[in-house]
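Shown next, in structure tokens, is the structure this report addresses.
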Amino acid sequence: MLISLGAGTAHAADCPANSQAAALKLREEVQALSQAGRWAEAAQRGRCLVNMATMLFGATHATTINLKSELVTLLRRSGDASGAAALERELPRPASASADESADSALTQLIVESKALQDRGDIEGAGDRCIVARRIVEERKLPESVLVAAVLNECGRVFEALGNYKMAEQRYKESDAMARRTGGPRNQQSSVALNNLGLLYWKTSQYDKAAVALQQSLEMADTGDPDRAATLVNLGLVEGALGHADEARRRYEEARALVLQHYGPDHPRLAFIYDNLAALEWRAGRLAQAVQQQREANRVAEHNIAAVIAIGSERQKLAYMRSFTDQSDASVSLGLAMPGDARHGALALDAVLQRKGRVLSALAASLDRVRRRSSAADAEVWTAFVRSRQPGTQAPVSGRAKAPGEREQVEALLARGEGADVAAEDLVRNVDMNQVRRALGVGSALLEFVAYQSRAPAGPGPFAASPPRYAAFLLKREGDLVWVDIGARADVDRLVSDLRAGLANPRATYTRHIARNLYGELLGKFERALTGIERLYVAPDGALNLVPIAALQDANGRAVLDRFVVAYLSSGRDLVRSAAAKGGPAGVGVAQRRSVIVANPEFGAVSGGGVRCGPFLPLHGTQGEGTAIASLLPGAQLITDLGATETAVKGVQRPHVLHMATHGYFGPLANCNTTAPTAGAVEADTTRENDPLQRSGLVLAGANHLASGRDDGLLTSMEVTAMDLTGTDLVVLSACDSGLGDVVAGEGVFGLRRAFELAGARRQVMSLWKVPDAETARLMRGFYAALKAGQDPARALAQAQRDLRDDPTGHFSAPFYWATFIVSGDPRPFVP
Numbered sequence: 001m002l003i004s005l006g007a008g009t010a011h012a013a014d015c016p017a018n019s020q021a022a023a024l025k026l027r028e029e030v031q032a033l034s035q036a037g038r039w040a041e042a043a044q045r046g047r048c049l050v051n052m053a054t055m056l057f058g059a060t061h062a063t064t065i066n067l068k069s070e071l072v073t074l075l076r077r078s079g080d081a082s083g084a085a086a087l088e089r090e091l092p093r094p095a096s097a098s099a100d101e102s103a104d105s106a107l108t109q110l111i112v113e114s115k116a117l118q119d120r121g122d123i124e125g126a127g128d129r130c131i132v133a134r135r136i137v138e139e140r141k142l143p144e145s146v147l148v149a150a151v152l153n154e155c156g157r158v159f160e161a162l163g164n165y166k167m168a169e170q171r172y173k174e175s176d177a178m179a180r181r182t183g184g185p186r187n188q189q190s191s192v193a194l195n196n197l198g199l200l201y202w203k204t205s206q207y208d209k210a211a212v213a214l215q216q217s218l219e220m221a222d223t224g225d226p227d228r229a230a231t232l233v234n235l236g237l238v239e240g241a242l243g244h245a246d247e248a249r250r251r252y253e254e255a256r257a258l259v260l261q262h263y264g265p266d267h268p269r270l271a272f273i274y275d276n277l278a279a280l281e282w283r284a285g286r287l288a289q290a291v292q293q294q295r296e297a298n299r300v301a302e303h304n305i306a307a308v309i310a311i312g313s314e315r316q317k318l319a320y321m322r323s324f325t326d327q328s329d330a331s332v333s334l335g336l337a338m339p340g341d342a343r344h345g346a347l348a349l350d351a352v353l354q355r356k357g358r359v360l361s362a363l364a365a366s367l368d369r370v371r372r373r374s375s376a377a378d379a380e381v382w383t384a385f386v387r388s389r390q391p392g393t394q395a396p397v398s399g400r401a402k403a404p405g406e407r408e409q410v411e412a413l414l415a416r417g418e419g420a421d422v423a424a425e426d427l428v429r430n431v432d433m434n435q436v437r438r439a440l441g442v443g444s445a446l447l448e449f450v451a452y453q454s455r456a457p458a459g460p461g462p463f464a465a466s467p468p469r470y471a472a473f474l475l476k477r478e479g480d481l482v483w484v485d486i487g488a489r490a491d492v493d494r495l496v497s498d499l500r501a502g503l504a505n506p507r508a509t510y511t512r513h514i515a516r517n518l519y520g521e522l523l524g525k526f527e528r529a530l531t532g533i534e535r536l537y538v539a540p541d542g543a544l545n546l547v548p549i550a551a552l553q554d555a556n557g558r559a560v561l562d563r564f565v566v567a568y569l570s571s572g573r574d575l576v577r578s579a580a581a582k583g584g585p586a587g588v589g590v591a592q593r594r595s596v597i598v599a600n601p602e603f604g605a606v607s608g609g610g611v612r613c614g615p616f617l618p619l620h621g622t623q624g625e626g627t628a629i630a631s632l633l634p635g636a637q638l639i640t641d642l643g644a645t646e647t648a649v650k651g652v653q654r655p656h657v658l659h660m661a662t663h664g665y666f667g668p669l670a671n672c673n674t675t676a677p678t679a680g681a682v683e684a685d686t687t688r689e690n691d692p693l694q695r696s697g698l699v700l701a702g703a704n705h706l707a708s709g710r711d712d713g714l715l716t717s718m719e720v721t722a723m724d725l726t727g728t729d730l731v732v733l734s735a736c737d738s739g740l741g742d743v744v745a746g747e748g749v750f751g752l753r754r755a756f757e758l759a760g761a762r763r764q765v766m767s768l769w770k771v772p773d774a775e776t777a778r779l780m781r782g783f784y785a786a787l788k789a790g791q792d793p794a795r796a797l798a799q800a801q802r803d804l805r806d807d808p809t810g811h812f813s814a815p816f817y818w819a820t821f822i823v824s825g826d827p828r829p830f831v832p
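According to the UniProt record's numbering, the sequence shown is numbered sequentially starting from 1.
So this is what it looks like as structure tokens:
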């Protein structure tokens, strides 16, 4: 791993003298201490920073107010609640920025924000800040200075992250030259720019030029400056690429000592250092030492992920987690390098458990906190969140130099202040293989899949890129962990696509052959270890999220449905979280929570001006389905016909069970047309945003009337996220394609599946292809009957599927009829 530098850091016991450069360094020091979880020290330095900003900019300047607000959070996290409250009362109303505002203060703020965003992987946000900074320099005709040189450096980092190496090199050289002209031949900004230039040369295999630039950078930095660590790491990379392993190790170890001395054992920079030491050991064939170093890298990364993941919008969270992709791939690759060594397998699985589905967990925790708490501030945030999910609100922008959209701003607001602390507490748990093992019941096993890129040594230079692959881990309560490489992701995904095409056609004759082949790839390698297993928890990744495991067949032609009870999870972390989970919504018992069934909406006659997406044909079978299910759930509310509106569904709050029998949709933005009464054979409207949460949803009353606004008859996944389903034990989506969406490796399926989990649902039953109306109604009646008989959702669904498949008429033996639905979420049983 390599380290680029924005503005430098400093370490001093007392507040430094007031200056723009000192403020920039102190701000970076506060952020570094915060990321390392050293809240008391960060708060102490934060006080210095606030005092300095007050002297430089004034008490009512936006920068000063922003720093004071951040200090309030630091004080809370350090345990100084009274100090935080006192400072919060002192906060003045922020002054509006004006044309007379100090350009230097504005540039300083933009540089700090750009670096912070880039450190979290948000290149788009960092680029926006650079554009604004360059505009200030040009419009106000600012003279050359070290601060303007810092702007050039930050813009170079953005260009590099975007892959525009030519422009990045140009900006780094310009930054170095300007810093030398205005700050003297030996200055920190030149050191920073040269470090980044050397790193860029390393990345492009220009090792001699990299060594020269990095050595110059090192000579400019003070001996005790912790920023030297970044340059030392990058010099180590160059030495390693040149085959000088001992010299590379010396550089890494010197960098590690510097960071440990100034920041302690949890600073984020240490993760990169340990990761590089692990690679060095791997190249030397010392795999045991490589595992030890990689585990340290993962430990530091996990510590910082827990502190940072609660901050920012969903897009920013996803970007931040992507910054750990190489490290995760290294852990999985190391594990697969020694398939017989339990330490290697544990390293790989622990990394997967700590990273997979992490953004979904963070968002769900933030939303759950806001919904459960009753303070005025939380109510205000929740109201803003609901409003941001309605049609017509601004989506997150994808262009440059624009303010964040309303949705993104509200998502970031969810994680501020005390909310970030609470969300972080939920995520700090360092889940590992042994905790998951203890959460497994007797006769159950976790089958955890991961999409990764093999990261194995290929000479002294950077690890060679390889096509994406799948790996899998089988963990039981007792017995050894088994882990294997499944194969090339493209090959497996092709099998998945072929299987889904066959399963969606009841007349397909080739499905059984593909089902056996895919079984051999996904489960066949674990055949011996699966002996004695009755319940299989499957945590898929990539396209495997769209596979109905129950429909696969072993070498003897026996369906998985007849061998295991299958339940889906986002990650094995869910087992630990469920084991520690509390009951339903605070103060609300199951007996007080009514179940709600929505069925047979009246879609209305087709408007004369053409159709938006449809027409949506009636689903007459869902009326009987809803009536039958309502009779099995005491006190259930049945909503049908013209009453099954979007407004009515959005008004449902914290039901025990929510069952929705209607059309569902997910698909490309194209005109759509339904010609048969299948429960959901529609696709998304071309007017919807190019967003999976806007291109998926459920169809409700009045959808054929071409209405617009908040009750247009289309309940999108985006709108579902704003529903309050806190503590809802089960959501059943008896509709077509309700389990589909955009697949994102490591984060699951973006569609209705993700939306209902964010809304608070503990478990979901959803479909993977278009389902026939009458047969689905029959399957659902069997499912609820089994629930009422005391079976948990996964077992109840398996029983209903077998009953339908084994119908004496033989009409429903094809998996098309019985295999489309899966159960996902909390594995614990519940009383319907």
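Cβ atoms here follow ideal geometry from the backbone N, Cα and C, with glycine treated the same way. As the structure is a computational prediction, the values presented were derived from the model and not from experiment.
Exercise. Specify the secondary structure class of S696 as computed by DSSP and reduced to three states.
Key: strand
Practice problem: Determine the extent of the alpha helix (DSSP H) in which E625 is found, giving its start and end residues. | Solution: G621 to L632
Quiz item: Should Q476 go down as buried or exposed, given a rule of 16 or more other Cβ atoms within 10 Å for buried?
Solution: Note that residue 476 corresponds to Lys in the displayed sequence, not to Gln. Buried, by the Cβ-count rule.
Quiz item: Based on the DSSP secondary-structure assignment, which residues constitute the bridge partners of Y568?
Solution: V538 and S824
Quiz item: When the Cα atoms are used, what is the spatial distance from Y510 to Y519?
Solution: Here the alpha carbons of Y519 and Y510 stand approximately 15 Å from one another.
Exercise. Give a yes or no on whether the C-beta atoms belonging to E154 and I111 are separated by under 9 Å.
Key: Against a cut-off of 9 Å, the Cβ pair of I111 and E154 comes out as a contact.
Quiz item: Between which two residues does the beta strand (DSSP E) containing A488 stretch?
Solution: V482 to A488
Quiz item: Which residues in the same chain as residue 833 place their Cβ atom closer than 6 Å to its Cβ, once the five residues preceding and following it in sequence are excluded?
Solution: Nothing can be reported for residue 833, as the shown portion of the chain is limited to 1 through 832.
Exercise. Leaving aside the five residues before and after R400 along the sequence, list all residues of the same chain whose C-beta is less than 8 Å from its C-beta, in chain order.
Key: Confidence at R400 is low in this model, with a pLDDT of 32, below 50, so its placement is unreliable and the value that follows should be read with caution. So the qualifying residues of the chain are E124, G127, D128 and I131.
Quiz item: Opposite V450 in the DSSP bridges: which residues?
Solution: According to DSSP, V450 bridges with A471.
Self-check item: Pair within 9 Å by beta-carbon distance, I136 and A106
Solution: yes
Quiz prompt | Residue nearest to L232 in terms of C-alpha spacing, selected from R269, Q206, P265 and G264 | solution = Nearest in C-alpha terms to L232, of all of R269, Q206, P265 and G264, is R269.
Self-check item: Coil, strand or helix - V137 by DSSP
Solution: helix
Quiz item: So Q189 and A149 are in contact, right, with Cβ under 8 Å, and what is the actual spacing, rounded?
Solution: 5 Å
Quiz prompt | Distance between beta carbons of R181 and E144, contact taken as under 8 Å | solution = 6 Å
Quiz item: Closest to P615 by CA distance: which of I597, E521, Q316 and G713 is it?
Solution: G713
Exercise. Identify whether I131 lies in helix, strand or coil by the three-state DSSP scheme.
Key: helix
Quiz item: Does the count of Cβ pairs from the segment 647-667 and the segment 728-746 closer than 8 Å reach three?
Solution: Segments in contact, yes.
Practice problem: Check the DSSP bridge columns for D724 and list the partner residues they point to. | Solution: Beta-bridge pairing links D724 to no other residue.
Quiz item: Quick check: the segment 818-830 against the segment 787-807, are there 3 or more CB pairs under 8 Å?
Solution: Verdict: yes, contact present.
Exercise. Just mark H620 as buried or exposed, buried being the case when its beta carbon has 16 or more other beta carbons within 10 Å.
Key: exposed
Practice problem: Going by DSSP, name the residue or residues bridged to I305. | Solution: Partner residues in a beta bridge of I305, as assigned by DSSP, do not exist.
Practice problem: From the DSSP output, in three-state form, read off F666 for me. | Solution: strand
Quiz prompt | Option in Q435, A288 and S595 with minimal Cα separation from G727 | solution = S595
Quiz item: Helix, strand or coil: how does DSSP classify A32 here?
Solution: helix
Practice problem: Kindly give me the distance between the Cβ atoms of D176 and L197, rounded to whole angstroms, as I take these residues to be in contact under 8 Å. | Solution: 7 Å
Self-check item: Per-residue DSSP class, three states only, for F750
Solution: F750: strand per DSSP, three-state reduction.
Quiz item: With a CB to CB cut of under 6 Å and the five nearest residues on each side skipped, what residues in its chain are close to A701?
Solution: Cβ neighbours of A701 within its own chain (closer than 6 Å, five residues either side excluded): P601, E602, L642, A644 and T645.
Quiz item: Whose C-alpha, out of H244, T204, L194 and G236, is nearest the C-alpha of A221?
Solution: L194
Quiz item: From which residue to which residue does the alpha helix (DSSP H) around R343 run?
Solution: A342 to R355
Self-check item: Sequence-distant residues of its chain with Cβ nearer than 7 Å to A605 (five each side left out)
Solution: N704
Quiz item: Is I597 near I549, with beta carbons less than 9 Å apart?
Solution: Contact flag unset, no.
Exercise. Give the DSSP-derived three-state secondary structure of L714 in the structure shown.
Key: strand
Exercise. With DSSP as the reference, label H244 as helix, strand or coil.
Key: coil
Practice problem: Whole angstroms is fine: what's the gap from T531's alpha carbon to F812's? | Solution: 30 Å
Self-check item: is_contact[A755, chain C] using C-beta, thresh 9 Å
Solution: Looking at the structure shown, chain C is missing, and only one protein chain is on hand.
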